Amino acid sequence: MAVRQPVSAAPGLCEAAGVGIGWRHPHYGDLLETLPSLAFLEVHSENFFGAGGAALAVLERGRADYPVSLHGVGLGLGSVAGVDPRHLEQLAMLVARIEPCLVSDHACFTHGILPGRATTVHAGDLLPLPFSRPALDVLCRNVQVVQDRLRRPLLVENLSAYVQCPGNEMTEVEFLQELARRSGCRLLLDINNLYVNARNAAFRDELADPQAAVRLAMDRLDPSLIGEIHLAGHTDVQDGGIHLVIDDHGQRVCDEVWALYAHAREQLGAIPTLIEWDTEVPPLAILLDEAARAAAAADRMVQTA
Amino acid sequence: MSVLAAPADTALARWQQSLLAALWAPTHDEALDQLAIPSAEHDNVMWRGLAAYRSHAVSLAARSLEAAYPVVKSLIGEENFEALARLLWRQHPPQVGDLARWGAALAAQIEDLPELVADLPYLADVARVEWAMHSMATVADALAVPASFGLLAHEDPENLRLDLAPGTACFSSSWPVVTLIEAHRSAPPPQARSGETARVWRSGWRPRLRLAQPGESAFLQAVQEGQTLGAALGCAVDFDFSVWLAPAVHEGLLLRVLSSRAVDA
Chain S
1 MAVRQPVSAA PGLCEAAGVG IGWRHPHYGD LLETLPSLAF LEVHSENFFG
51 AGGAALAVLE RGRADYPVSL HGVGLGLGSV AGVDPRHLEQ LAMLVARIEP
101 CLVSDHACFT HGILPGRATT VHAGDLLPLP FSRPALDVLC RNVQVVQDRL
151 RRPLLVENLS AYVQCPGNEM TEVEFLQELA RRSGCRLLLD INNLYVNARN
201 AAFRDELADP QAAVRLAMDR LDPSLIGEIH LAGHTDVQDG GIHLVIDDHG
251 QRVCDEVWAL YAHAREQLGA IPTLIEWDTE VPPLAILLDE AARAAAAADR
301 MVQTA
Chain E
1001 MSVLAAPADT ALARWQQSLL AALWAPTHDE ALDQLAIPSA EHDNVMWRGL
1051 AAYRSHAVSL AARSLEAAYP VVKSLIGEEN FEALARLLWR QHPPQVGDLA
1101 RWGAALAAQI EDLPELVADL PYLADVARVE WAMHSMATVA DALAVPASFG
1151 LLAHEDPENL RLDLAPGTAC FSSSWPVVTL IEAHRSAPPP QARSGETARV
1201 WRSGWRPRLR LAQPGESAFL QAVQEGQTLG AALGCAVDFD FSVWLAPAVH
1251 EGLLLRVLSS RAVDA
C-alpha cells in the first residue's frame, strides 16, 4: 500500500494558527448569541448522529459562522473487531452535511466480543492499545477503511491510559508516527494526555520528571505529521495512598501543560489548537479565557520569531 | 457488524477481550483476575487505573440513561436509578458507539425485577413512553404543508392519506402513564387512577406527550400503515376526527394531506 499524502479539507479550513473550543451542550445558546471570535468549533461527532432534530440544527447554525471540527469518540480505530459499518455510515452522513475542517478520533479500542457472549459490546470509553506491530496493523487497516469511506484524511489522537498493556514494542511517539506514515492520517497531539501518562508513569517509578519526559517525546515528533493540538485540564485523585491523574477535562489547563504547549509551538509551528472541557463545564467566558491564553502563547511565538 | 474478521487468537485480541471482560466483571476482584494482575500488585497504580475505567463505565451508564429516562429516575430516586443503570449495562451492554442509542431494553429489564414491578407496577410503561420520546429527538425533520389541509374539505376521504409528525406513536397502559409523566415533570405524583393511552409525537424539534383520544391509537396506526383516511376512520369507530383535527394541526401532529388523485394525475 502506497503512503497516502494528507490532503486539505476543501471548505472552512481551520485557520493555521487558530484556537478553537470544544462546543458542548451548555454553551449552544450562549455561543450562537454572542458569536465570540474563535478559529473553529469542535464537537463530538456521535452527539449529532441522528438524521435530524434540534442538536443537528444547532450544529448547522454554528457551522454557518465557524469552521467545525468533528471529533469522534466511538470509532474504536484500534479494535480488532473492525470499525462498525453503521457507525462509519453515520459519520459519513454527518461529514457530508457539515463539511468539517477536521475529522478525528483516537488511537484506542472501544468494542469487541465479551467472552461468553455472542454480540459485540461497546465500552463507551477510550481503551488503551499496546504500542506493538499487531496493534499498528489493526489501526492502519481501520484508519484506511474510514479514510476510504470519508475520502479525506483522519486525525488520530494519542490517549490517556490508566492501565499498562502488555507487549509494547516501541515508544508511543514511534507508534503514532508509524501509524501516520503508513496510513496517511495525521496526528492530533493531546499534550495533556502525554502529561497525564507521564505523571502516572512517575507514580509507578518509571520516570522522574514528567514534564521533561513529555518535552523529550514531543521533540521527536515530525512536525509535518501533526494536524491539531488538544489542551485540557486533569484531576489528581488519591485513593488509599495510591495517586492517579485522571484526564477528566474538568479543570483549567495546568501551568505545566501551558509550558509544554509553548515548547510544542516552538517545535511544531502554527497548528490549530483546541481547548476541551467536558466535566462540570464552566461558563463560556472561562473557556474563552483559556482560548485567549492559547492564542496569546501563539502570538508570542510569532513576535519572537 | 465488522468489516474485518476478528483474529480471535492473537495476543492483541486477547488483551482487548480481557480488558472488556474486566470492565464488565461484577466485582473488582474478578476484574483483576481477568487482567491476570498478580495479587501482590493489587495495591499499585494499575489497580487504581482499572478502578478508574470501571467507575467511569458506571457513571457513563447512569448519565446516558438519565438523558433518556428523567421520569423513571425521579420515580425511583438517584441511588436506585444508578443501580438499575449498572444492571442494564451488564445485562444489556451497549452495542454501538452512539451511547444515546443505548437503553431501549430498560422497560424489559424493569419487568425482570419482580420487587420493582410489585412496588411500581407502572414503571415499565413509563419507561416505554420515555424511550419513544428520547428516540424521536434525533429522527429526520419533517415540515408541515398547511396548503394541503384544504384537501380535507373537498376530497373523498377514500382518496386521502395523512403524513404525521416524526416519532408519532401511541402506548396503551393499564396505568395513568400520561398523568404520571406530566406530574413528574412539574408537580408531585397523582394518585393512580385508571389506565391511559399516551400519544407521543415530535412538534418541530420538541418531543411531546398527550393523552390520546378514544380510538386515536387505532386511527393513527392505520394512517401510519398507509391506509386512506376513509379506511383509517373505519378502523376506529369511536374516534372523533372533527375533535382531533384542529389540535392535530395546531400541535404539529398532522403535517400534510396527500390526495391519491393528485398523484394519479
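If you read the sequences in order, they're chains S and E. Our numbering numbers the first residue of the first sequence as 1 and each following residue consecutively. Our numbering numbers the first residue of the second sequence as 1001 and each following residue consecutively. Ideal placement from N, C-alpha and C gives every residue a C-beta, glycine not left out. Computed from a predicted model, the values in this text were never measured in an experiment.
Check, Outcome
"Cα-Cα separation, VAL138(S) to ASN168(S)", "15 Å"
"Burial state of GLN1213(E), where buried means 16 or more other Cβ atoms lie within 10 Å", "buried"
"Residue span of the alpha helix (DSSP H) that contains VAL1045(E), given as start and end", "1045 to 1068"
"Helix, strand or coil at LEU1084(E) according to DSSP, with G and I counted as helix", "helix"
"Proximal residues to ILE271(S) (C-beta, below 6 Å), its chain only, five neighbours per side dropped", "ILE226 and ILE229"
"Within chain E, partners of GLU276(S) - CB distance below 8 Å", "Within chain E, no residue comes near GLU276(S); the closest Cβ sits about 16 Å away, beyond 8 Å."
"GLU1225(E) burial status per 10 Å Cβ neighbour count (16 or more: buried)", "exposed"
"Identity of the residue in SER37(S), ALA107(S), VAL281(S) and ALA264(S) nearest LEU154(S) by Cα", "ALA107(S)"
"Buried or exposed (CB count within 10 angstroms, at least 16 for buried), LEU1255(E)", "buried"
"Distance, PHE1149(E) Cα to HIS1250(E) Cα", "12 Å"
"Meets three-Cβ-pair contact criterion under 8 Å: the stretch 70 to 89 of chain S and the stretch 1085 to 1105 of chain E", "yes"
"Buried or exposed by the 16-neighbour rule on C-beta atoms within 10 Å, applied to SER1242(E)", "exposed"
"Beta-carbon proximity list for GLN251(S), same chain, < 7 Å, skipping 5 on both sides", "GLY233, HIS234 and THR235"
"Chain-ordered residues of the stretch 102 to 129 of chain S with a beta carbon less than 9 Å from chain E", "PHE109, THR110, HIS111, GLY112, ILE113, LEU114, PRO115, GLY116, ARG117, THR119, THR120, VAL121, HIS122, ALA123, GLY124, ASP125, LEU127, PRO128 and LEU129"
"Burial state of PRO128(S) (16 or more Cβ within 10 Å)", "buried"
"Closer than 9 Å to chain S by CB, HIS1154(E)", "no"
"Closer than 9 Å to chain S by CB, ALA1265(E)", "Confidence at ALA1265(E) is low in this model, with a pLDDT of 40, below 50, so its placement is unreliable and no value can be given for it."
"Within the stretch 23 to 69 of chain S, ranges of the beta strand (DSSP E) (whole runs, at least 3 residues)", "41 to 44"
"Euclidean distance between Cα positions of GLY1332(E) and PRO1026(E)", "Residue numbering for chain E in the displayed model covers 1001 to 1265; residue 1332(E) lies beyond these limits and cannot be assessed."
"Burial state of PRO100(S) (16 or more Cβ within 10 Å)", "buried"
"is_contact[VAL1096(E), chain S] using C-beta, thresh 9 Å", "yes"
"From ASN1080(E), ARG1090(E) and ALA1036(E), residue whose alpha carbon lies closest to that of ALA1057(E)", "ARG1090(E)"
"N-terminal and C-terminal residue of the beta strand (DSSP E) that PHE109(S) is part of", "109 to 113"
"9 Å Cβ cutoff met for PRO36(S) and LEU1012(E)", "no"
"Straight-line gap, CYS254(S) to LEU274(S) (C-alpha atoms, nearest Å)", "15 Å"
"Pairwise C-alpha distance: ASP148(S) and LEU216(S)", "34 Å"
"Residue nearest to ARG141(S) in terms of C-alpha spacing, selected from PHE49(S), SER69(S) and LEU179(S)", "LEU179(S)"
"Contact list for ALA1067(E) against chain S, beta-carbon separation under 9 Å", "Those do not exist, as ALA1067(E) stays about 10 Å from chain S at its closest Cβ, beyond 9 Å."
"Burial state of GLN5(S), where buried means 16 or more other Cβ atoms lie within 10 Å", "Because GLN5(S) carries a pLDDT of 40, less than 50, the predicted location of this residue cannot be relied on, and the following value inherits that uncertainty. With fewer than 16 Cβ atoms within 10 Å of its Cβ, GLN5(S) is classed as exposed."
"Residue-level contact to chain E via CB, ASN158(S), 9 Å cutoff", "no"
"Opening and closing residue of the alpha helix (DSSP H) in which VAL245(S) lies", "That residue, VAL245(S), is in no alpha helix (DSSP H); its beta strand (DSSP E) goes 242 to 246."
"Within chain S, partners of MET1046(E) - CB distance below 7 Å", "VAL163 and GLN164"
"Outcome for HIS367(S) when other beta-carbon atoms lying within 10 angstroms are tallied against a minimum of 16", "Residue 367(S) lies beyond the stretch modelled for chain S, which goes from 1 to 305, so this question has no answer here."
"Presumed contact (8 Å Cβ cut-off) between VAL1117(E) and LEU1209(E), rounded CB distance", "About 23 Å separates the two Cβ atoms, so there is no contact after all."
"For GLU1196(E), the three-state DSSP class (helix, strand or coil)", "strand"
"Residue span of the beta strand (DSSP E) that contains GLU228(S), given as start and end", "226 to 231"
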